Every structure is written in structure tokens, then in C-alpha cells.
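J.: Have a look at the structure that comes next, please.
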Amino acid sequence: MKIKVKEKTDLVDLKNFLDYSESVTKDDDTFQKLMFVYKMAVKELNTKIEIFKEESKFLYNYDLIDHVNVRIKEPESIIKKMKKKNLTLNYEQMIENINDIAGIRIICPLQNDIYSIKNMIQEIPGLETVKEKDYIRNPKPSGYSAYHLIVRTPVKLSKEVIYVKVEIQIRTMAMDFWSSIEHKMIYKPEEKPTKKQKKEWLNYAKTINKLDQKMMLLRE
Ligand code: 0O2
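As numbered in this note's numbering, the sequence shown has no gaps in its residue numbers, which increase by one up to the final residue, 1124.
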């Protein structure tokens, strides 16, 4: 693995940070180095989101953000997802096409809050939006609902600034309740779910959505 250390601080895309034509081998040096950079990206962004959380409580006495979860995708899951997407197992393909290696999940009380949080994030200096998916206005066929933002965020290391992709999922508490259980039982289950089960979960998602709408009215 070639590590390019620059003399001066420089702006570097993650894909130029290492020799990335190499094959993806779980836990080799390149993999470790990549995971370190993703981890730092999540850490930096999470600090900014925590500030929004504290700020809304301090200024408006409102918990705009209930809680935040961060995670780095497991190496096995990254490789599994690459195979599912029929990608060549090299770092170039991994960095370009797997958008959720670094993930942040923000849970908030109401559907309106999701859009306020999304706007606040998009105004963070230096952050670029790569992709947006509004699964609230357009839920997935399963019923899955959330707002997904794929962003590129700068990570300042001692010698360079590296741009790293992070997936931010923003959900209400009700959506999170549904998707956490559905994830285990239907989305990634041990046993394949039946059509009937899938339909039942879709109906639960609709109920959850109605509940979210009612909560917004109550708040108003
Ligand atoms: P895991 O185990 O949660 O990490 P992209 O390449 O960015 O365009 P991607 O990542 O293929 O698209 O697709 P998508 O549909 O936007 O989904 C990204 C993530 O959303 C998933 O990651 C899940 O976390 C969540 N998700 C999507 N659909 C569902 C669903 O039907 N049910 C639940 N519970 N979660 C869902 P992973 O890597 O698939 O899974």
C-alpha cells in the first residue's frame, strides 16, 4: 500500500488518499486506514450534530434531536453489499459505490423536525450533499420511511484535508421503532418472510405514519 503523505495541508478526495486499485481484503492495512478515516468523519460530523441538539434545547427548550447513533459498517457487510451490487472487489469500487460505510442516524420527535435537521446539516460549512432520498414522501415498497442524506464532509488530518462520504439517516422515533424491528424480522431476517408478513409490516408502517401525522397536529 502506498501512503501519500503531503508536505502541506491539501484537499484530497478519499479515493486519492491511497492506492485504491488494490483488491478489498478485510482487515489489511489499506482497509484499516480507510476505516480510520471514515471513523474520523463520523466523529467530526457527530460533534456538529450534538451542538445542534444542545443548541435547540438551550435556545428553544425543545429537544429537536432525541438521540444520535453512529456506526461504521462491518467489513463483512461492506463486502456482502459489494457482491450484491455486482461490484469488483477493489477499493475504488468500494469508495465510489458503497455510500453507507460511515453512518449517522438521527432520531427526532416529529416529521417536521426531520426537514429542519436536514436543512441545518446542509448548511454546515464545507459539507456537500451528494444525494438525497426522501423516503417520507416516497416510502420504500416495504413501508420503510426516513430521510437519507449522503454527504461529503472534510476531515482535517495533520497534513491534509480528506473528503469522506457519510450517510445520514433522519427518522422520527415512531419510524425508528418500526424500522429497528422490521430490520431484524423482514429486511435482514434469518428466515425469508412470507408475503403475508410483508403486507402486515407495510400496514404497520402506514399506522406509524398516521401516528406521526397526529403527533404533528398535537404539537401545533
Ligand atoms: P444495514 O444493515 O441497515 O446497513 P445507494 O447506493 O446509497 O443509492 P443503498 O444503500 O443500496 O443505496 O440503498 P437504500 O435503499 O437507500 O438503503 C440504505 C439503508 O437504508 C439500508 O442499508 C438500511 O439501513 C435502510 N433501509 C433501506 N430499506 C429498508 C427497509 O425496507 N427496512 C429497513 N428496516 N431499513 C431499510 P443496508 O446496507 O441495506 O442495511
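Built from N, CA and C at the ideal position, the CB exists for glycine as well. Computed from a predicted structure; not experimentally measured.
Roughly how many angstroms separate the alpha carbons of K1102 and E1086, rounded to a whole number?
T.: Cα-Cα distance, rounded: 9 Å.
J.: What distance in whole Å lies between the Cβ atoms of M1077 and D970, which are believed to be in contact at a cut-off of 8 Å?
T.: Indeed they touch by this definition, with Cβ atoms about 6 Å apart.
J.: Measure the CB-CB distance between I1011 and R1075 and report whether it falls below 8 Å.
T.: Going by C-beta atoms, I1011 is nearer than 8 Å to R1075.
J.: Can you list, in chain order, the residues of its chain whose CB lies under 7 Å from that of L1106, leaving out five sequence neighbours each side?
T.: The residues are S1046, G1047.
J.: Contact between the region 1059-1069 and the region 938-951: three or more CB pairs below 8 Å?
T.: In short, these stretches touch, since the Cβ pair count reaches three.
J.: Pick out the complete beta strand (DSSP E) segments inside the region 953-1010, 3 residues or longer, and give them in chain order.
T.: Runs found: 971-976.
J.: Tell me whether the region 1001-1009 and the region 970-979 touch, counting them as touching only if at least three CB pairs, one residue from each stretch, are closer than 8 Å.
T.: These segments touch.
J.: In three-state terms, what does DSSP make of K912?
T.: Confidence is the limiting factor: at K912 the pLDDT is only 40, short of 50, which leaves the residue's position unreliable and the question unanswerable from this model.
J.: Can you pull the DSSP bridge partners for V1059?
T.: According to DSSP, which records beta bridges pairwise, V1059 is partnered with I1066.
J.: Straight-line CA distance for S1049 to S981?
T.: The straight-line gap from Cα to Cα measures roughly 22 Å.
J.: Starting from K1044 and walking both ways along the beta strand (DSSP E), at which residues does that stretch end?
T.: Neither: K1044 is in no beta strand (DSSP E) and is coded neither H nor E.
J.: In angstroms with no decimal places, state the Cα-to-Cα distance between T992 and K985.
T.: Those two C-alpha atoms are separated by around 11 Å.
J.: Which of the three DSSP states, helix, strand or coil, is assigned to D1038?
T.: It is a strand residue.
J.: Give me the Cβ distance between R1123 and L1014, rounded to the nearest whole Å; I'm assuming they're in contact under 8 Å.
T.: Sure, about 6 Å apart at Cβ, within 8 Å.
J.: Indicate the three-state DSSP secondary structure (helix, strand or coil) for T1076 in the structure shown.
T.: Reduced to three states, the DSSP call for T1076 is strand.
J.: Is the distance from the Cβ of K988 to the Cβ of N1001 below 8 Å?
T.: No, the pair does not count as a contact, with Cβ atoms beyond the cut-off.
J.: If contact is defined by three or more beta carbon pairs under 8 Å, each pair taking one atom from either stretch, is the region 1023-1043 in contact with the region 1088-1095?
T.: Touching, no.
J.: Going by DSSP, what residues sit across from E1032 in a beta bridge?
T.: Beta-bridge pairing links E1032 to R1056.
J.: So M1089 is in the alpha helix (DSSP H); what residue range does that whole segment cover?
T.: Careful: M1089 lies outside any alpha helix (DSSP H) and carries neither H nor E.
J.: Which term fits Y964, buried or exposed, when burial requires 16 or more other beta carbons within 10 angstroms of its beta carbon?
T.: By the 10 Å Cβ count, Y964 comes out exposed.
J.: Is I1054 near ligand 1, going by C-beta to nearest heavy atom under 7 Å?
T.: Yes, the beta carbon of I1054 sits closer than 7 Å to at least one heavy atom of ligand 1.
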